[in-house]
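If you're matching positions, the sequence shown starts at 97 in the numbering used here and goes up one per residue.
Ideal placement from N, C-alpha and C gives every residue a C-beta, glycine not left out.
Let me begin by presenting the structure, written as structure tokens, before commenting on it.
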Amino acid sequence: MIKITSDHGERMPTIDGMRGIAIIGVILYHFFSRWIPPANTTLFYPYGDKYNFFSYGQYGVQLFFMISGFVIVKTLETTNSTKQFWIKRLIRLWPPLTISSILIFLSLMWYDNDFLFSNGHKINNLFSSITMINPNILNKLIKTNVDYLNGSYWSLWPEIQFYFLCSTVYFFDKSNFYRNYFIFAILINLMLFILTADFWSRYCTNQGLPLNIAYLGTTINTYFNLPDFINYFSIGVFGYAIYSDKNISKKSRYLKIFVFSFFILIQLLSPHAYQSRKMVVIIVTIFSLFIFNQKMIRVLDNKLLIKIGVSSYFLYLIHEPVGVLMINKLGNYFQDYTFLTPLIVISILIYFCILFHKRVEIWCISFLKFHLLKKKDV
């Protein structure tokens, strides 16, 4: 008999609360600010840009990256091998991704008569998206022309790259993981800094070279974009180092706090963050309070917020094309009260995804664990 168990073992309610905050921010961005000019050529919302107050909600993804850095190291500590780690990750990621992709594809084929999300109508995009591999890599390797079925899927590729980096470094030398990870993260930051036109225009007198180097940097980033987000993951990694080790010496603790703060500072000073420093400060503050003083963020322990956080992965995968299409189709029925449309759609999606997590996702994960992992590994 298959024993139905939680997909994360012993869950951390505040982490799930943070996930809830992150996904709500992303949903508000997609339902009010993403599909209007200038970000999009046409208006997808029946209420237009009247409620365009949530453009910064997109940085919920960066909060997800910090949470991922924390959780992945926690997962590695209870994993015996690289193979076991990847099996666990794929068991967690693939069932919701596959189901959400099929639901999105069918929903758009049946109801998206105006082709608001044209990429979601292509069967090739369905199959390529399930691989979680950057479409640019697939297009280069097999000479095809695929794209993400759902634009929100873009964030899965940085996650996969981070999993590869973190698991490789961890199982290479567990005892020196944090030192070795720090070295790699710094090297990645240096690469990102050097492979920019801004660096070469400041420090190189050869005017032809900056263009060549910048082209190289752009080319690399087209296929491997982890450098753009490595600091968010690293904040999570060293946040876990501080959080988990309560009995370390003061010297060791201060060193970890210094490294944690160092990655925050690098991100704040990054030229890529000049438009979003306020949001970086906000999401880093939320995460830092979780590490150092959870009493100040007890609001994150709200039961509904935790339920939303627990189901946030499937909600993230499905909300944008399905939710925006529902808003587009239903909005005209509310006329002067179109602001009610996204609120109703959000409520429906949250309820559906919480139900999906309880009735489908947990069962799928337990079933796959039972068949793919040895009992001692689960």
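When P191, N246, P134, M205 are compared, the shortest CA-CA separation from F463 is found for P191. The stretch 157-166 makes contact with the stretch 373-389, as at least three CB pairs between them are under 8 Å. Straight-line spacing of the CA atoms in N276 and F334 works out to 12 Å. M108 sits in coil when the DSSP states are folded into three classes, being neither helix nor strand. Nearest in C-alpha terms to L172, of all of R185, L322, P254, V355, is R185.
The residue from K352, I284, L199, I378 with its alpha-carbon nearest to that of I226 is L199. When DSSP states are grouped into helix, strand and coil, N389 belongs to the coil group.
Between F181 and T175, the C-beta gap is smaller than 7 Å, which places the two residues in contact. DSSP places M228 in the coil class of the three-state scheme, outside both helix and strand. A distance of 7 Å or more separates the beta carbons of D112 and G332.
With 16 or more other CB atoms across the displayed protein chains lying within 10 angstroms of its CB, H126 is buried. Rounded to the nearest whole angstrom, the CA to CA distance from F466 to I187 is 11 Å. Judged by their CB atoms, L421 and D208 are nearer to each other than the 7 Å cut-off.
Following the DSSP letters along the chain, one finds V157 inside the alpha helix (DSSP H) bounded by residues 156-172. If you look at H217, you'll find it isn't in any alpha helix (DSSP H); DSSP assigns it neither H nor E. Each of R107, V157, T315 was checked against the Cα of I123, and the nearest Cα belongs to V157. Judged by their CB atoms, A337 and K352 are nearer to each other than the 7 Å cut-off.
Apart from the 5 residues on each side of it in sequence, F410 sits with its Cβ closer than 7 Å to the Cβ of P192, S196, C449, F452, H453, E457 in its chain, given in chain order. With three or more CB-CB distances shorter than 8 Å, the stretch 136-144 counts as touching the stretch 423-439. Sequence-distant Cβ neighbours of F211 in its own chain, meaning closer than 8 Å and more than five residues away, are H217.
In the displayed model, W131 falls within coil according to three-state DSSP, outside both helix and strand.
Following the DSSP letters along the chain, one finds F463 inside the alpha helix (DSSP H) bounded by residues 458-468.
When only Cα atoms are considered, N235 and F359 end up about 34 Å apart. Rounded to the nearest whole angstrom, the C-alpha separation of I219 and K374 is 40 Å.
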